[in-house]
């Protein structure tokens with residue numbers, strides 16, 4: 017059997033993952049559109065300012081550090097103080113506050129007869145007019161060197177995009193499997209709400225709310241996921257046993273799950289969750305938000321499941337021709353039941369992560385999530401007619417939508433126009449899939 021040529025392999029890659037080039041083009045576009053002068057802050061910028069003070073005023077300089085009262089600014093001022101302690105200059109005062117606080121500190125230092133040879137500040141605090149009230153102090157300001165860099169590519173923005181994408185992308189794994197089987201799951205948004213409410217209720221009512229321990233938090237986590245998996249299994253059973261169209265079944269489940277979430281919560285948010293619960297959706301491990309790690313692990317597992325295991329081949333076979341798959345020995349009903357169960361469970365997991373991030377369960381969570389998730393799947397190259405699609409393509413699709421939304425926010429595109437653009441992107445993705453099928 018001849019090996020596929022490099023040309024055919026490249027063509028197959030483009031057919032499967034061609035949208036990655038669209039993602040790269042979008043990143044390049046928004047990088048150009050958001051180029052701006054950047055004013056560093058944080059610890060590294062603080063060390064840079066300390067070195068500049070020594071170069072400009074010497075090791076015997078008297079220094080005042082002026083920043084705002086934010087976590088990043090405090091890291092900036094702490095780094096300056098630590099670096100200056102090693103280099104020799106004396107820090108007369110450190111201000112983490114307002115212009116009025118800075119003025120009081122300057123007056124106190126001058127009243128003690130101490131010299132102010134340098135004022136360490138960042139871009140924001142260097143613009144305060146208070147320094148002009150004292151002779152020569154405006155010239156004593158030392159700030160970090162600025163540089164040009166895209167706002168879109170700032171690390172905080174990149175991590176923010178990844179973190180915001182994670183929940184949609186996690187839910188989209190199950191949706192991809194469902195759509196490959198030529199089905200649809202409209203219930204995922206309501207299951208997000210149901211999971212958050214169920215998990216929060218377990219933690220509040222059975223675990224003691226804010227005093228709940230790890231065991232009860234895990235019970236809430238797995239309870240919410242299990243309930244949504246059960247809902248997904250019910251949808252799958254209706255589709256397979258009674259051959260009711262998936263659109264109708266999951267539309268009904270969407271309404272029932274939403275109603276149950278409102279009934280259980282009495283229509284109100286459930287905020288009594290322990291602070292440690294925040295770690296699941298809001299913690300950071302090795303520099304990456306925990307939801308991003310969860311997303312990566314799940315996509316690796318799902319990719320292996322769909323490309324290396326019999327289950328994945330069964331899913332594609334059912335989407336291509338369910339009757340032919342059945343005649344070939346594929347357990348069609350069991351596979352469909354499993355696919356809808358997985359979709360429900362992953363929606364439940366998304367709800368738990370969201371509840372962790374917002375420290376509450378709420379029946380209003382997940383509103384319109386099903387549309388965002390379906391859009392990610394379709395933009396990623398999965399056909400709504402079933403039989404084709406890639407798990408990693410869905411991840412690319414989720415990031416394409418996230419990048420477009422984030423880029424439009426950064427470039428101040430009107431929210432109404434944003435909806436038009438996203439609708440056009442979704443329509444374009446379906447059109448491309450239709451044209452590909454016609455050529456085939």
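Residue numbers (my numbering): 17 to 456.
Ideal Cβ placement from N, Cα and C applies to all residues, glycine included.
Extent of the continuous alpha helix (DSSP H) to which residue i belongs
i           : result
residue 319 : 306 to 324
residue 173 : 171 to 196
residue 357 : 348 to 374
residue 436 : 431 to 455
residue 266 : 262 to 281
residue 422 : 407 to 426
residue 69  : 58 to 73
residue 341 : 338 to 343
Chain-order list of residues whose beta-carbon lies under 6 Å from that of residue i (same chain, five-residue window excluded)
i           : result
residue 200 : 262, 263
residue 381 : 208, 209, 212, 370
residue 57  : 88, 92, 138
residue 42  : 419
residue 495 : Absent from the structure is residue 495, since the part of the chain shown begins at 17 and ends at 456.
residue 442 : 391
residue 166 : 47, 50, 51
residue 453 : none
Beta-carbon proximity of residue i to residue j, cut-off 7 Å
i           : j           : result
residue 132 : residue 80  : yes
residue 413 : residue 395 : yes
residue 250 : residue 372 : no
residue 364 : residue 240 : yes
residue 389 : residue 184 : yes
residue 405 : residue 192 : yes
residue 205 : residue 386 : yes
residue 247 : residue 269 : yes
residue 37  : residue 181 : no
residue 407 : residue 325 : no
residue 156 : residue 134 : yes
residue 168 : residue 50  : yes
residue 335 : residue 448 : no
residue 281 : residue 160 : no
residue 113 : residue 85  : yes
residue 429 : residue 188 : no
residue 331 : residue 194 : no
Straight-line gap, residue i to residue j (C-alpha atoms, nearest Å)
i           : j           : result
residue 129 : residue 78  : 11 Å
residue 298 : residue 306 : 7 Å
residue 97  : residue 66  : 8 Å
residue 143 : residue 89  : 15 Å
residue 290 : residue 227 : 6 Å
residue 223 : residue 274 : 24 Å
residue 17  : residue 52  : With a pLDDT of 48 at residue 17, under the threshold of 50, the modelled position of that residue is not reliable, and the figure given next carries that caveat. Their backbone Cα atoms lie some 56 Å apart in a straight line.
residue 220 : residue 338 : 45 Å
residue 351 : residue 329 : 10 Å
residue 254 : residue 190 : 18 Å
residue 445 : residue 435 : 15 Å
residue 171 : residue 300 : 14 Å
residue 347 : residue 48  : 51 Å
residue 62  : residue 99  : 8 Å
residue 39  : residue 286 : 38 Å
residue 475 : residue 399 : Past the boundaries of the shown model lies residue 475; the chain is included only from 17 to 456, so the question cannot be answered.
residue 4   : residue 359 : With the chain covering only 17 through 456, there is no way to say anything about residue 4.
residue 397 : residue 349 : 25 Å
residue 316 : residue 327 : 15 Å
residue 136 : residue 303 : 28 Å
residue 8   : residue 173 : This structure does not reach residue 8, given that the chain is present from 17 up to 456, and the question cannot be answered.
residue 35  : residue 45  : 15 Å
residue 198 : residue 344 : 18 Å
residue 440 : residue 123 : 60 Å
Bounding residues of the beta strand (DSSP E) (the contiguous stretch that carries residue i)
i           : result
residue 88  : Counting along the chain, residue 88 falls outside any beta strand (DSSP E), though it belongs to the alpha helix (DSSP H) covering 87 to 103.
residue 78  : 78 to 83
residue 146 : Taken as a continuous stretch (DSSP letters only), residue 146 belongs to no beta strand (DSSP E), as it is neither H nor E.
residue 54  : 51 to 54
residue 379 : Here residue 379 belongs to no beta strand (DSSP E), and DSSP marks it neither H nor E.
Contacting residues, own chain, Cβ-Cβ under 7 Å from residue i (five flanking each side not counted)
i           : result
residue 125 : 80, 108, 109, 132
residue 357 : 245, 248, 249, 252
residue 154 : 147, 148
residue 455 : none
Own chain residues within Cβ distance below 8 Å of residue i, not counting five before or after
i           : result
residue 149 : 119
residue 4   : Lying before the first or after the last residue shown, residue 4 is absent from the chain, which here runs from 17 to 456.
residue 218 : 232, 235, 236, 239, 240
residue 292 : 230, 233
residue 164 : 51, 52, 53, 54
beta-carbon residue i near the ligand FMN non-hydrogen atom, thresh 6 Å
i           : result
residue 425 : This structure lacks the ligand FMN; in fact it carries no ligand of any kind.
key: Contact the stretch 408 to 424 vs the stretch 172 to 182: 3+ CB pairs below 8 Å   = Verdict: yes, contact present.
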